[in-house]
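Participant:
Residue numbers (the UniProt record's numbering): 1 to 291.
#1: Can you tell me whether residue 8 is helix, strand or coil according to DSSP?
#2: I need the DSSP call for residue 90, collapsed to helix, strand or coil.
#3: What beta strand (DSSP E) runs, 3 residues minimum, are completely inside the stretch 34-64?
#4: Only counting runs of 3 or more residues, tell me where the beta strand (DSSP E) segments fall wholly within the stretch 186-213, in order along the chain.
#5: Would residue 96 be called buried (16 or more neighbouring beta carbons within 10 Å of its own) or exposed?
#6: Are residue 251 and residue 125 closer than 9 Å when you measure CB to CB?
#7: Counting only the same chain and skipping the five closest in sequence on each side, list residues whose C-beta sits under 6 Å from that of residue 16.
#8: Under three-state DSSP, which class holds residue 14?
#9: Please confirm whether residue 164 and residue 255 have their CB atoms less than 9 Å apart.
#10: Quick one: what does DSSP say residue 27 is sitting in, helix, strand or coil?
#11: Cα-Cα, which of 278, 239, 190 is closest to residue 214?
#12: Is it true that the CB of residue 180 sits closer than 9 Å to the CB of residue 204?
#13: Let's see if you can read the secondary structure: which residues bound the alpha helix (DSSP H) around residue 278?
#14: Using 9 Å as the threshold, is the C-beta distance between residue 93 and residue 142 below it?
#15: Kindly indicate the opening and closing residues of the alpha helix (DSSP H) around residue 262.
#16: Exposed or buried, what is residue 241 when buried is set at 16 or more other beta-carbons lying within 10 Å of its beta-carbon?
#17: Among all the DSSP beta bridges, which residues are the ones paired with residue 118?
#18: Look at the Cβ atom of residue 235, then the Cβ atom of residue 206, and state whether they are nearer than 9 Å.
#19: Answer with buried or exposed for residue 39, where buried requires no fewer than 16 other C-beta atoms within 10 angstroms of its C-beta.
#20: Which residues bound the beta strand (DSSP E) around residue 253?
#21: Taking all protein chains shown into account, do 16 or more other C-beta atoms lie within 10 angstroms of the C-beta of residue 7, making it buried, or fewer, making it exposed?
#22: Along the chain, where does the beta strand (DSSP E) containing residue 130 start, and where does it finish?
#23: Compare the C-beta of residue 96 against all C-beta atoms of chain C and say whether one is closer than 9 Å.
#24: Just the C-alpha distance for residue 85 and residue 153, rounded to the nearest angstrom, thanks.
#25: Any idea if residue 198 is buried or exposed, counting beta-carbon neighbours within 10 angstroms, 16 or more meaning buried?
#26: Between the stretch 216-229 and the stretch 171-180, do at least 3 Cβ pairs fall closer than 8 Å?
#27: Give the C-beta separation of residue 275 and residue 48 to the nearest angstrom, bearing in mind that I take them to be a contact with Cβ-Cβ under 8 Å.
Structure below.
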């Protein structure tokens, strides 16, 4: 597979006409057909339905079109970077859910002002494997709680000691309280899979979950899904609370007799990334101002 084949495929897919594609590409129509044929042989699928009257994409062609665009875009981007004297700075960041994702925009905005060549990429991965990606230098740093992993190869910088909160809709009976204890919690409870939340949070959720009758229990994959059910007024959930990461449209009520969670950022302690140190300073400053 090469870029000439992909350019021919994308151009034919856009025009659904081999003659028009050959004019755009400035090569002969048989040459376009030859490139498409070779690509189909390599992929072992038919990309187009061709008749004497029209050309249409097959189902496989439709699926491959997005991939072809992405490959061509990546190749073009690499060529442009190599052709310039300036050096772009890639910065791979990880997070587990949308709440953590909410913390990054204001920090990256300031970081981009200081490093105009910065090109950040954010990976939202709910599973513990995200820490392996940091260890293997696939990701520069990732947000997480202190007990998410115990590998000695990663350094943890605490950003906040976050209280556990009851998260419910404004219409929920618990929303009238300014603070709660576990004894005051009532109603349907929405729990999360232990694979997608920190162990310390799951321990709290599981304690509440086991004390409820089956009809009061709802289970979801992660906190994003749980919040969707909270907004649908199907119950409440428990999760640690960091004010700038809060989801809109729900209430956060501190549960005073639950332990606080140490939240921060993991990175390789021997990492020499050109902007990592500044990023750590900025996100630490941002959370200390907002919390």
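We treat Cβ as the ideally placed atom computed from N, Cα and C, and that holds for glycine.
Facilitator: Here's the rundown:
#1: For the purposes of this step, residue 8 is identified with residue 8 of the chain shown, where counting begins at 1. Three-state DSSP puts residue 8 in a helix.
#2: Within the chain shown, numbered from 1, the residue matching residue 90 stands at position 90. Strand, per DSSP.
#3: 48-50, 55-57
#4: 189-192
#5: Looking up residue 96 in the chain shown gives position 96. The residue in question, residue 96, is buried, as its Cβ has 16 or more Cβ neighbours within 10 Å.
#6: For the purposes of this step, residue 251 is identified with residue 251 of the chain shown, where counting begins at 1. For the purposes of this step, residue 125 is identified with residue 125 of the chain shown, where counting begins at 1. Contact: no.
#7: In the chain shown, the residue the question calls residue 16 occupies position 16. Only 55 meet the Cβ criterion.
#8: Position 14 of the chain shown, counting from 1, holds the residue named residue 14. The answer is helix: DSSP assigns residue 14 an H, G or I state.
#9: Stepping through the chain shown from its first residue, residue 164 is reached at position 164. Stepping through the chain shown from its first residue, residue 255 is reached at position 255. Yes, Cβ-Cβ distance for residue 164 and residue 255 is below 9 Å.
#10: For the purposes of this step, residue 27 is taken as the residue at position 27 of the chain shown. Residue 27: coil per DSSP, three-state reduction.
#11: Within the chain shown, the letter at position 214 stands for residue 214. Here the closest residue by C-alpha is 190.
#12: For this step, residue 204 is matched to residue 204 along the chain shown. For this step, residue 180 is matched to residue 180 along the chain shown. No; because the gap between Cβ atoms is not below 9 Å, this pair is not in contact.
#13: Residue mapping note: residue 278 aligns to position 278 of the chain shown, counting from 1. It spans 276-290 - the alpha helix (DSSP H) in which residue 278 sits, taken as one unbroken run.
#14: Here residue 93 corresponds to residue number 93 of the chain shown, with the count starting at 1. Here residue 142 corresponds to residue number 142 of the chain shown, with the count starting at 1. Yes, Cβ-Cβ distance for residue 93 and residue 142 is below 9 Å.
#15: Within the chain shown, the letter at position 262 stands for residue 262. That residue, residue 262, is in no alpha helix (DSSP H); its beta strand (DSSP E) goes 261-268.
#16: Residue numbering aside, residue 241 sits at position 241 when the chain shown is read from its first letter. Residue 241 should be labelled buried.
#17: One-based indexing of the chain shown puts residue 118 at position 118. 89, per the DSSP bridge assignment.
#18: As a working note, residue 235 is residue 235 in the chain shown. As a working note, residue 206 is residue 206 in the chain shown. Cβ distance not < 9 Å, so residue 235 and residue 206 don't count as in contact.
#19: Within the chain shown, the letter at position 39 stands for residue 39. Buried, by the Cβ-count rule.
#20: Here residue 253 refers to the residue found at position 253 when the chain shown is read from its first residue. 251-254 is the span of the beta strand (DSSP E), which, as asked, contains residue 253.
#21: Counted from its first residue, the chain shown places residue 7 at position 7. By the 10 Å Cβ count, residue 7 comes out buried.
#22: Translated into the one-based positions of the chain shown, residue 130 becomes position 130. Element bounds for residue 130: not the beta strand (DSSP E) but the alpha helix (DSSP H), 129-135.
#23: Looking for chain C here will not work: only one protein chain is present.
#24: Locating residue 85 in the chain shown gives position 85, counting from the first residue. Locating residue 153 in the chain shown gives position 153, counting from the first residue. Low confidence applies to residue 85: its pLDDT is 48, below 50, so where it sits in the model is not reliable, and the reading given next is rough at best. Roughly 35 Å between the two C-alpha positions.
#25: To locate residue 198, count along the chain shown from 1; it is residue 198. Residue 198 is buried by the Cβ-count criterion.
#26: no
#27: The residue labelled residue 275 in the question sits at position 275 within the chain shown. The residue labelled residue 48 in the question sits at position 48 within the chain shown. With a Cβ gap of about 45 Å, residue 275 and residue 48 do not count as contacting.
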